[in-house]
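Chemist: Below you'll find the structure I mean.
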Amino acid sequence: MKTFVRPAAAGLLASAALAAGPTPAAPLAGAAAPTLRVSAVNTDYERAVLSRVNRVRARHGLPALRASSCLDVFAERRARRLAAERILVHFGLGAVFDRCGGSMMGENLARGRYLTATRVVEAWLRSPGHRANVLRSGFRSAAVGAWRVSDGTIYVSMVYRAP
């Protein structure tokens with residue numbers, strides 16, 4: 013989970029990472045690394061993650077997050093990079109602020125083999141930092157990017173924005 017408020021607003025930066033499932037083992041020293049392909053997960057999966065987050069928000073009396081095409085560019089890029097590099101780390105959100113505007117941004121990440129949209133959101137809800145992003149009342153829009161590695165591992169990035 014990463015939340016970032018424009019420095020002029022508050023200067024808050026918090027970060028943690030979520031691995032929502034097993035990760036592939038590193039190859040043995042001297043062994044050839046397997047060639048893995050990366051491909052986008054269909055948009056139905058991404059919509060399902062956003063829909064499940066919005067159901068949780070509704071149960072807590074919060075407004076639904078609107079899908080943002082501007083944020084989607086960044087969520088897709090992040091998920092693709094994570095999958096291509098087989099990493100789970102947060103990157104700065106400055107470029108998202110510059111392009112999409114807003115007073116606060118947040119990001120939740122997930123990684124797991126054959127990971128369903130339901131499992132992604134359930135994992136976020138079990139983590140205090142990720143849960144805070146899902147339930148942050150100031151967030152009004154979001155986007156989900158999801159990319160799959162040919163070994164079945166899915167990488168998910170959900171980027172949130174407050175106006």
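Taking my numbering, the leading residue of the sequence shown gets 13, the next gets one more, and so forth. For each residue, glycine too, the CB sits at the ideal point set by N, CA and C. These figures come from a predicted structure and were not determined experimentally.
#1: Do you know how far the Cα of A144 is from the Cα of A70?
#2: Report the rounded CA-to-CA distance for S51 versus A76, giving the unit in angstroms.
#3: Would you please state the rounded distance, in angstroms, between the beta carbons of E119 and S169? I believe it to be under 8 Å.
#4: As a quick exercise: from S115, R90 and E97, pick the residue whose alpha carbon is nearest that of G104.
#5: Quick check on DSSP: helix, strand or coil for L137?
#6: Could you have a look at Y178 and say whether DSSP puts it in helix, strand or coil?
#7: At which residue ranges does the segment 81-147 contain complete beta strand (DSSP E) runs of 3 or more residues, listed in the order of the chain?
#8: Taking a contact to mean a Cβ-Cβ separation below 8 Å, would you say V68 touches V146 in this structure?
#9: Based on Cα-Cα distance, which residue from V171, P175, D163 and A174 lies nearest to L48?
#10: Please say whether P175 and S81 have beta carbons closer to each other than 8 Å?
#11: Which residues in the same chain as V61 place their Cβ atom closer than 6 Å to its Cβ, once the five residues preceding and following it in sequence are excluded?
#12: So who's on the other strand from S153, going by DSSP bridges?
#13: Determine the DSSP secondary structure at S179, reduced to helix, strand or coil.
#14: According to the neighbour-count rule (16 or more other Cβ atoms, all chains shown, within 10 Å of its Cβ), is T165 buried or exposed?
Modeler: Taking the structure as given:
#1: Within the sequence shown, residue 70 is the residue found at index 58, counting from 1. Within the sequence shown, residue 144 is the residue found at index 132, counting from 1. Going from the Cα of A70 to the Cα of A144 covers about 15 Å.
#2: Here the question's residue 51 lines up with position 39 in the sequence shown. Here the question's residue 76 lines up with position 64 in the sequence shown. Separation of S51 and A76 (C-alpha to C-alpha, rounded to the nearest whole angstrom) is 29 Å.
#3: On the sequence shown, position 107 is the one that residue 119 refers to. On the sequence shown, position 157 is the one that residue 169 refers to. Confirmed, Cβ separation roughly 6 Å.
#4: Here residue 104 refers to the residue found at position 92 when the sequence shown is read from its first residue. Checking every option, the nearest Cα to that of G104 belongs to R90.
#5: The count along the sequence shown starts at 1 and reaches residue 137 at position 125. L137 falls in the helix class under three-state DSSP.
#6: As displayed, the chain neither begins before 13 nor continues past 175, which places residue 178 out of reach and without an answer.
#7: Segments of the beta strand (DSSP E) lying fully in the segment 81-147: 116-125.
#8: Residue numbering aside, residue 68 sits at position 56 when the sequence shown is read from its first letter. Residue numbering aside, residue 146 sits at position 134 when the sequence shown is read from its first letter. A contact, by the Cβ cut-off of 8 Å.
#9: Reading the sequence shown from its first residue, position 36 is the one you call residue 48. With distances taken between Cα atoms, L48 lies closest to D163.
#10: Residue 81 sits at position 69 when you count from the first residue of the sequence shown. Residue 175 sits at position 163 when you count from the first residue of the sequence shown. It is not a contact, given that the beta carbons lie outside the stated cut-off.
#11: Mapped onto the sequence shown, residue 61 falls at position 49. The answer, listed in chain order, is A129, V132 and V156.
#12: To locate residue 153, count along the sequence shown from 1; it is residue 141. Beta-bridge partners of S153 (DSSP): R78 and R173.
#13: Residue 179 cannot be examined here, being either before or after the span of the chain that is shown, 13 to 175.
#14: Within the sequence shown, the letter at position 153 stands for residue 165. Under this definition T165 is a buried residue.
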